[in-house]
Every structure is written in C-alpha cells, then in structure tokens.
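Protein chains in written order, with the numbering used here: chain A, 2 to 582; chain Z, 19 to 335.
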C-alpha cells in the first residue's frame, strides 16, 4: 500500500478480522437439502459439484472406451470387435473426452466452485445463467447419447467432410448435441468474464487477482470467441446432410478443405480452453505448497492471455499436408512456434518459484510435478510437430496421438487431479487418505508413460493413427501400450475410490489445511451458503506469504454482507484500521 | 547410432536424411532441456524441502534479466527449428522439372496408379530408381492421404482437386504405402507398395503392361488363377475374405451358389449374374448386415477379367 499517499481517491474504511469457523454448523450442504434443492439451485458451489459428478461419469465412460480400443489393438488383426465398432469407439472416446470432460473439467467444475470464493464474491454474476449452462451441457450430453444409441458415428471426433457428410449413422444428431454443449461453454465464459470484472472484493485490484482467475479469464475469452465458429461449422454440416446444400462436399460443389479451416479455427483454440485453466491450477498449488510468492506474476498472467490470443492464429498447423498453400503453411508454422514461448516462460517461472521455498511434497504438488514432466514432453513434441518438414512425416501417426495425450492427459488431467486434491477439503470438508493419493499419483504417472511413450516410437516409425489392423512390426509397441493403459485405468479407479471413501470416513478438514494465503481458504470448509458472512477486504496479493495470516482474513467491519450480523462471530480483539482502495 | 537409426524407418529417398537430421536436432535439444529442467526441479524439491512449519520464505517477485534470458534463448532456438523445417519442406514442395509423372487415384479402399502409356496397376506403384517421380493425385470419394514412411513424405488426396507429391528413391527395393486420412472401415487395409526397379527393368515392366495391365489372360495361367491375381491386384481382398471370416464385405468362401439374404428381406442366389452385377453396380443388392460402401468397378475390369474373378470365387468352397 505504498501508493496510498499519492492516490487522491482513497477513503478510509473500517475493517476487522474474521477468523474462519473451524467446525461450521451451517454450510452450503446443510442449509438447503433434498434433491430438488440441488436440481434448482443457483449456488455456484452446488452447480460446480453437479458438473464434477457429470464429468467424472463421462471420464469413466470415455476411459472405458479407451481401454476397449487398446484391448482391440493387442493383435494386428481383429481381437474382439469389428472394424466399424472400433471406429465408433475411437470417435466417441475423442468426442466424450473433449466435449464432455476436458472442456468443462477445470472451468465448469472446479472454476465454478472456486472462482467466486477467490474473488470474495457471493456467487457468479449470473447465477441462473450458470444453472442454464449446466442444463444445456446435460441436454447436449443426452442428445449425444441418443445419437450413439441410434446409429452411432464413425467419423472421428474431427467430423472431416466429405466423409462425415456421406457416411451413415447419426452424424447430424451428434453434431446437434455438440452444438448445444457449445452454448453451455459460451454461457460459462460470459458468466466468468463478467464475474471477474464486476464481482471482485474491495481492494482486489487486477494485480492482486489470483492466477487461477487469470487462467479462467483467458479461457473464457477463447470460449466466447471460438465456440460460435464451431456452432456455425456444425450447422453447415447439418445443412449439407439434411438439405443437400453444397458447402464442403465436392460432389455438391463444395470444398472439403474449407471444412478443415472452419473446424480447426475452433478446435485449435479449444486446446487452449482445455489447458490454460490447468496452468492456473499449477500456479495456485505451487505457491501454496512452497509457501512462496509466485515468481513473475505478470509474466504468468500475461502469458495466459497471449497464448489465448496467438492460439487463434495457428489453426493451419493441423493442415500442413491437406493441400493448403506452402506460404500459408509457413506462416502457420511460424506463429505456432511463437505460442511455445509464453508456454516456456510459464514453465521457467514455476520452477523459479520453488527456489528458496518451503516445499511440502503433498499429493496435490506431486500431481503438479507429474504435470510438469508430462506437459514438458507434450510441449516439446509440439515443437517437433510445428516444424513443417517433420510434421509431413509425423502427421496422423501415433506420434501425434502420443503428443496430444501428453498435453491433454499428462498436462490437463494431471492439473485437474492436482486441483481436485488441492480443493477437495474445501469442497467436501473432508480430508482424503494422503498415502493413497501419493501411491495413485505414482501409478498414474507410470501407467501413463508406459501407455504413451511407445506410441512416440511407433509413430516415428510410421504407424498411422485410427488403424484397426496394423502391420506386425508394430505389435510389441501396441502391447506395451495396452498394458500401460490398464495400469493407468487402475490408477484412476483408485483415485475415485479413496476420494469417495473420504466423503464417508474422511477426517474433518480444517478451514485452511495447507496454510494457503488465498481467499478461498479464509472461509470455513465447506463454505457457508453465501460464501462469506462478511464483505472481504483485500490488502495483500494472493501470494504474499511473507505477511501474517491475519492480514488475509479482513472484512468490512460495518457490513454483514447483506445477511445481517447476528450469525457472525467477530474476533474483536483483532479489530484494526487499514487503508484500502 | 544404431539405436537411433532404428527409431526411424530406413531412409530410402534422397530427402529423407534431411528430415532425419532435423528430427534428431530437435529431439536431442529437447532431451537436454527436459533433463536440465527436471534436474533443477528435483534439486529444489530436495534442497528446499520444508523443515519446520513456521519457515518464512524470501520475497522474490521477479527478475527481469533472468526472464528476458529464458524468453529470448528459446525464441532463437525455435526460430532455428522453424527456418530449418521450412527449408527442408521447400525441397519437398518444389518438384524437379524432369520428374517422371504417375497418376494416382484413391478410393475406398485402394490405390490405383496410371502411367502415360496406358499401363495401370492397383496397389503397386512401380517406379524407376534414381529418378524424381511426380505423383498427381486425386480421390474419387472422401479424403485419403498418401504416406510413405521410408521417404518421409505425406500428402492428402482430396476429391475434386489434384494434389502433388514427389520423391526420388536412389536404390531399387520396396516400401510400404499407408493411407493416413481416416476413410472408413477399410482405412487400415488401404495400403500399397512402392516397387523401385532399376531403370532398364522398369522400362521392361512398363512395356509389358502398356495399354492396361493384363486386359487379356496371360497364357500360362488358368482362368481361376488369373482371377485370384486380379482379385489381389484390385484390392478385393481388402474387404472380402476367402476363409469365411467377416470383413467389411461378405466373405467369398462358399459364396457361389448359396442364397444371400438381402437388406430388404428378399433372398437371391449368388450366381454368375449376381456376382457380375455386384462388381459393376455394387449398390443394386446389399446383403443383410453390410454397409453399401463398395465402389463400382465399371470401366476398370473388362468381361474377361470379371469372368476370371467369378471362376476364382467358384473355387472357394
């Protein structure tokens, strides 16, 4: 607050310390109960949990499909399913994991729960819109399931034309489902941007915004700008299939490469929708468990925004061999390398944050280190693929499959699990078994590498992706990969079990088990229905670990945050005067 | 270096080594960076592990010099990789003027190659060694992609337009061709072979096949044997098994003379007329349990050839 003297708009406000309750009697879970209160809730925390339950379900559905795919690939010819079934499985695995798990995972599930708490707000800006996004997501998911049961789809998650406009099955229904889910994503984006702009607690200037919020902010911008393009593209595919209007199908006078431009104009930024919120989780967990100020706050915040921006300009790197102009390929390749720089900056900054920290290797941090290695490999192989000459050889081989699984599973799923473990005590009020969490993290890490490292090798050797049969020389790699996938699957099931078990048998979680300075830890676990009984006041940055904990628990002395003061316990001995903006 | 060589397929074209050099440059520098960064991480985690619960950490918010350094050095490195990759790509793109031209047609699920003198093959691309070969490619249905791992080249084959690709294989030999753009149930069987001949041998082969490959029966083959050869050359085996197993299309084993149950509920006896119709107009009668995905062979097989294939099917009991 060294600028206090020069700023003429300063006014003095009375603040006092509000210690979080250690054993809250009334929480968001106990105040409104019953199934109806959940289904009609506008509470961001309950909506976040409903999202969490839904994405968990779809993650295991998609995961089961992955295991079936890997099992089929045990032998070079048919192992236990038909080629067409296999094609449907990899299509659904991709679509479910991307549209029903990855895109909503961190923003809609964890973000919904944590964002308003981190901002010191009672809820998101548009609570009803938030509930609507959840139901749109659910509706889209049901339409997609209906499509699967009514003919299925075998186009791959990319729906490339003219294959998708000519093949049988329920392509139109499926694209409609994804169209609807897209609107859920857009509404969440609008909601988060408004919330971050308008609902920050007094004193929370942009330079005190937690990096998780910066990540969600960048993500939301991509969501609202890119998703409409997907909606338009899918609508055009549907028009072509239903009305026979030639847009992409050359038999009708259309251009199939145009489809690829449209599709990747959404789907490349979508990659950043999936990974940027993960970056936010990494910053939170690393600072908390090293009890240290983040290194290069602005570098990390701005790099998220620049990834979001440059991410819009690189879609053509999916199309180096599609027949697009060589000049276009050159420009897209160049821009793609530029995205690598802000990503690299983040990695270096996180490492530097650990320097001279007080590092406690708890399970969330362990998951982050898993993220660190796997995402590093995923990112560097991205550099390989960004180089045109190398991409010509590696495009559409298992090298690409391994690359994006390292980024999406190794990066995003690990970051999601880190976030889930980190905020689990806050969300549920229960502690999970730390030992089990560490073992599961190790199993997932090993299983993941056994699954996907061999895929780099066979990809470099020329094994194409989406192959039902393959030539015998690749069999050893496929078999190692299949064994790895079972280990990986076991690891995820283990996480599910010990987390669910903690709900019933877990120890009660204290308000701030990790000693974090972030605002969401300055309320009870689980939080009250309206998050804060007081209006929080922010005087320090979220990573100011050199300042005492008391300074992070301040709120307006005069207000009860609109709920009256009767139920507020005030520790009046800590009452003090602080300058705040 | 043997281990490294085994990680990539053998380099059998004049440009393959250039791709490989870049491949190793990026991978080895990435490996160094990964080991470096992970070592620092592990060292920090050990060195700065929490020893007591009331430790106070120093306030280090940023360091401009350090941050500029680790932004600029990677930037230079990636620009090198960009420039290098683009340079090699341009050599892959610019087709030499004296290249020998072959037409490629892709369709579900076969590769067809046509030569200037009328020679035509399915699934086998015969080319002379040590000479630039230019492929002019188009698709009859959906997007396919022509990929030869040994040559490190790949190009999508798109319906409604021509795409081009070139290579120069200095030594005689064989290399596998994969389709790498997903194109349906037979995608993973849509393979072909590049067969590189010495120039003289290639000329002989070309002369022998002038005017359409084997439009009439070679005298040393029985009709059924010729039919078997034709079935293989025309990629029938991609979808039809001869051992009774169910693939994309109905098996040929025991096909002749049996009653086929059709999608509309009717049945038809698989006689000569039925088989002939199925080859020329595959969508006319669809067997129950199968998709209408077979391409027509009208104009590709003459009557003698169709007869030979029927003779071959008759032998599969």
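Built from N, CA and C at the ideal position, the CB exists for glycine as well.
Classification of residue 60/Z by the beta-carbon crowding that lies within 10 angstroms, buried from 16 upward:
Around the beta carbon of residue 60/Z, fewer than 16 other beta carbons sit within 10 angstroms, so the residue counts as exposed.
Through-space distance from residue 50/A to residue 48/Z, alpha-carbon basis
Answer to the nearest angstrom: the Cα atoms are 40 Å apart.
Identify, in the order they occur along the chain, each residue of the same chain with its Cβ nearer than 7 Å to the Cβ of residue 364/A, setting aside the five sequence neighbours on each side.
Counting only Cβ-Cβ distances below 7 Å, and skipping sequence neighbours, we find 422, 435, 438, 439, 442.
Please tell me whether residue 19/Z has its Cβ less than 8 Å away from any Cβ of chain A.
Because the pLDDT of residue 19/Z is 45, which lies under 50, any placement of that residue in the model is unreliable, and the number read from its coordinates should be weighed accordingly. Taking CB atoms only, residue 19/Z has no neighbour in chain A less than 8 Å away.
With DSSP as the reference, label residue 580/A as helix, strand or coil.
For residue 580/A, the predicted structure reports a pLDDT of 46, less than 50, and the residue's modelled location is therefore unreliable. The matter cannot be settled from this model.
Mapping the DSSP letters down to three states, classify residue 322/Z as helix, strand or coil.
The answer is helix: DSSP assigns residue 322/Z an H, G or I state.
Contact with chain Z by residue 400/A, beta-carbon distance below 8 Å
Against chain Z, the CB of residue 400/A has no partner CB under 8 Å away; the residue lies outside that interface.
Counting only Cβ-Cβ distances shorter than 9 Å, please list the residues of the stretch 190-213 of chain Z near chain A, keeping chain order.
Flagged, chain order: 194, 196, 197, 198, 199, 200, 201, 202, 203, 204, 205, 206, 207, 209.
Judging by CA-CA distance, which residue of 333/A, 374/A, 327/A is the nearest neighbour of residue 349/A?
When each option's Cα is compared against that of residue 349/A, the closest is 374/A.
Rounded C-alpha distance that separates residue 237/A from residue 40/Z
The alpha-carbon atoms of residue 237/A and residue 40/Z are separated by roughly 40 Å.
Within chain A, partners of residue 73/Z - CB distance below 8 Å:
Going along chain A in sequence order, the residues near residue 73/Z (Cβ under 8 Å) are 292, 359.
Alpha-carbon to alpha-carbon, residue 235/A and residue 158/Z:
In this structure, the straight-line span from the alpha carbon of residue 158/Z to that of residue 235/A is close to 24 Å.
Between the stretch 77-92 of chain A and chain Z, which residues of the former have CB atoms less than 7 Å from a CB of the latter, in chain order?
Listed in sequence order: 84, 85, 88.
Starting from residue 172/Z and walking both ways along the beta strand (DSSP E), at which residues does that stretch end?
Its beta strand (DSSP E) spans residues 171-175.
Reduced DSSP secondary structure (H/G/I, E/B, other) of residue 442/A:
Residue 442/A falls in the helix class under three-state DSSP.
So for residue 271/A, helix, strand or coil by DSSP?
Of the three classes helix, strand and coil, the one that applies to residue 271/A here is helix, per DSSP.
Does chain Z have any CB closer than 8 Å to the CB of residue 397/A?
When Cβ-Cβ separations below 8 Å define contact, residue 397/A makes contact with chain Z.
Return the residue from the list 245/Z, 33/Z, 203/Z, 253/Z that minimises the CA-CA distance to residue 151/Z.
Comparing Cα positions, the closest option is 33/Z.
Mind pulling the chain Z residues with CB within less than 7 Å of residue 1/A?
Since the first residue of chain A shown is 2 and the last is 582, residue 1/A is not available in this structure.
DSSP has residue 211/Z in a bridge; who is on the other side?
DSSP output for residue 211/Z lists 142/Z, 194/Z as bridge partner(s).
Jot down the residue ranges of each uninterrupted alpha helix (DSSP H) in the stretch 4-75 of chain A, minimum 4 residues, whole runs only, in chain order.
Runs found: 29-32, 36-40, 45-73.
Identify whether residue 196/A lies in helix, strand or coil by the three-state DSSP scheme.
Note: residue 196/A maps to helix in three-state DSSP.
Cβ shell of residue 221/A (< 7 Å), same chain only, five flanking positions each side left out
Within the same chain, residue 221/A has close Cβ partners 190, 193, 194.
Under the three-state reduction of DSSP, which class applies to residue 26/Z: helix, strand or coil?
In the structure shown, the three-state DSSP call for residue 26/Z is coil.
Could you tell me the alpha carbon to alpha carbon distance between residue 5/A and residue 202/A, rounded to whole angstroms?
For residue 5/A, the predicted model reports a pLDDT of 41, less than 50, meaning its position is unreliable; a value from the coordinates is still stated below. Rounded to the nearest angstrom, the two C-alpha atoms are 18 Å apart.
Would you mind reading off the limits of the alpha helix (DSSP H) that contains residue 383/A?
Per DSSP, residue 383/A belongs to the alpha helix (DSSP H) from 364-387.
Short of 9 Å Cβ to Cβ, which residues in the stretch 398-422 of chain A face chain Z?
For the stretch 398-422 of chain A, residues whose beta-carbon sits nearer than 9 Å to a beta-carbon of chain Z comprise 398.
Take residue 42/A as the anchor and find which of 26/A, 206/A, 27/A, 530/A has the nearest alpha-carbon.
Answer by Cα proximity: 530/A.
Going by Cα to Cα distance, which pick from 536/A, 528/A, 518/A is closest to residue 552/A?
Residue 518/A holds the alpha-carbon nearest to the alpha-carbon of residue 552/A among 536/A, 528/A, 518/A.
List the residues that DSSP assigns as beta-bridge partners of residue 323/A.
Beta-bridge partners assigned by DSSP to residue 323/A: none are found.
Spatial neighbours of residue 231/Z in its chain, beta-carbon cut-off 7 Å, leaving aside the 5 residues before and after:
Below a pLDDT of 50, predicted positions are generally treated as unreliable, and residue 231/Z, at 48, falls in that range; no measurement from the model is reported.
If you draw a straight line from the C-alpha of residue 371/A to the C-alpha of residue 186/A, how long is it?
So the alpha carbons of these two residues sit roughly 28 Å apart.
May I ask you to report which of helix, strand or coil DSSP gives residue 436/A?
The answer is helix: DSSP assigns residue 436/A an H, G or I state.
Using beta-carbon positions only, say whether residue 143/Z and residue 120/Z come within less than 8 Å of one another.
The answer is yes: Cβ separation under 8 Å.
Interface flag, residue 558/A vs chain Z, CB-CB below 8 Å
Taking Cβ atoms only, chain Z never reaches closer than 8 Å to residue 558/A, which makes this a no.
Would you call residue 40/A buried or exposed, if buried means 16 or more other Cβ atoms sit within 10 Å of its Cβ?
Residue 40/A is exposed by the Cβ-count criterion.
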